[in-house]
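Residue numbers (the numbering used here): 87 to 342.
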């Protein structure tokens, strides 16, 4: 009986060892060079075999952490995780790369991909909910994307990714301005005129050159009129007329 038990225990140990060797990168890739692992990972990535590519890149990072291909494989991991829609892992990979190579020749890509991931993860939400109550939307992710793109421009102004990052920042600022305006409209609809004016004023002061500034000024005019602040309403109307005389917003409020 004891002998049988020992045999069973031995078989279990052998089975566990075999399973471990099938999943342990150190065993799976023990006979491969860094060059082989890297090339296999690159080929898998180019073929769209992202699960397979990730395994190769992770193995390369584990077995050859200071090899000549490791830095590129870490960049490839960011892209591969992104293609899999595994945004948390992609962000973690980008963060790790930035920590290891804060001013490296390809760190601009890591910053850019951080921004892209945050942007894409939240952009779809914005597009789907463009006509709902924006006062209930959380734009934290887009704010993070904006900061990532801003860091890219600050640290790597001549990067090839800079023009696209700059355009995305403009788009995000427009979203922020629209968000503030819709919150102001939310307050105005509930006759919270002071809160509506304050929010609309935020748009005018902090989001200049965004498309919704005329609408923010018009809302301020309406708010002042509702409060019987006639002088403030007239002053704001003059500003609207001077800067946006042909806007629909000016036609909407017109002359008192």
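Backbone N, C-alpha and C define an ideal beta-carbon position, used for all residues, glycine too.
So for residue 148, helix, strand or coil by DSSP? In the structure shown, residue 148 falls within a helical segment according to DSSP collapsed to helix, strand and coil.
Alpha carbon to alpha carbon, how far is residue 318 from residue 241? Give it in angstroms, no decimals. Residue 241 and residue 318 have their C-alpha atoms spaced approximately 43 angstroms apart.
Nearest neighbour of residue 332, chosen from 304, 321, 236 [CA to CA]: Among 304, 321, 236, the Cα nearest to that of residue 332 is on 304.
Local conformation of residue 293 per DSSP, three classes: Three-state result, residue 293: coil.
Simplified DSSP assignment, three categories, for residue 195: Correct three-state label for residue 195: helix.
Are the segment 228-241 and the segment 274-293 in contact at 8 angstroms, needing three or more beta carbon pairs? The segment 228-241 is not in contact with the segment 274-293.
Is residue 231 helix, strand or coil when you go by DSSP? Residue 231: helix per DSSP, three-state reduction.
For the candidate residues 261, 306, 142, whose alpha-carbon lies nearest to that of residue 273? The option with the nearest alpha carbon to residue 273 is 306.
Anyone know if the C-beta pair for residue 139 and residue 166 falls short of 8 angstroms? Contact: yes.
Evaluate residue 308 with the Cβ neighbour count: other Cβ atoms within 10 Å of its Cβ, from every protein chain shown; 16 or more gives buried, anything less gives exposed. Answer is buried; the Cβ neighbour count reaches 16.
Quick one: Cα of residue 149 to Cα of residue 203, how far? Distance between the alpha carbons of residue 149 and residue 203: 28 angstroms.
In terms of alpha-carbon separation, which member of 275, 118, 285, 295 lies closest to residue 312? Selected option, being the one with the closest Cα: 275.
In the DSSP assignment, the alpha helix (DSSP H) including residue 313 goes from what residue to what residue? Bounds of any alpha helix (DSSP H) do not take in residue 313, whose DSSP letter is neither H nor E.
Are the Cβ atoms of residue 329 and residue 296 separated by less than 8 angstroms? No, Cβ-Cβ distance for residue 329 and residue 296 is not below 8 angstroms.
Same chain, Cβ closer than 7 angstroms to residue 251, five either side skipped, listed in chain order: So the list reads 198, 201, 235, 238, 239, once near-sequence residues are dropped.
Per DSSP, what kind of secondary structure is residue 257 in: helix, strand or coil? Here DSSP, grouped into helix, strand and coil, assigns residue 257 to helix.
Give me the residue from 294, 135, 249 with the minimum Cα distance to residue 266. Residue 294 is the option with its Cα nearest to residue 266.
Should residue 141 be labelled buried (16 or more other beta-carbon atoms within 10 Å of its own) or exposed? Its Cβ being crowded by 16 or more others within 10 Å, residue 141 is buried.
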